Amino acid sequence: MSTPEEQPNAEEALARARAARAEMAAALDEDQEPEADAPVGWQPIWKRPRAPKSKTDKKKELRKQRRRLQDAAKRRLAAGNSRRPRSRQSRIGNAAARRDTRALSRVWHSNAWLW
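Per numbering that gives the first Met the number 0, the very first residue in the sequence shown carries number 0; after that it's consecutive.
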């Protein structure tokens, strides 16, 4: 247990805090947004101002994105339709799981569970 002599005086602590106030304010201000015309040093990309894109650039980017998504959809479809031979055990297990799911789905979508 600390004795009253070891505890800092409240007035002294308040005086120290008031003395450091200007220093703390300066430290906080330097992290704020810079002036518009002031040259800035290196900044992470998420803090840099956005450069406006032209309409053609935007459309080109969207075309690339659409193409990428369509290719992914085709790959997904091809993967689902692939005729990969599977072992008999896994086919039986999958069929049983499908039957169970189908039965549960019928129960879920029926009016049997009206509270």
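By construction, the Cβ of each residue, glycine as well, lies at the ideal position given by its N, Cα and C atoms.
These figures come from a predicted structure and were not determined experimentally.
- Under the three-state reduction of DSSP, residue 40 is assigned to coil, being neither helix nor strand.
- The C-alpha of residue 19 lies about 12 Å from the C-alpha of residue 11.
- Look at residue 50 here: in three-state DSSP terms it is coil, with no helix or strand label.
- Cβ-Cβ distances below 8 Å link residue 95 to nothing in the same chain once the five nearest sequence neighbours on each side are left out.
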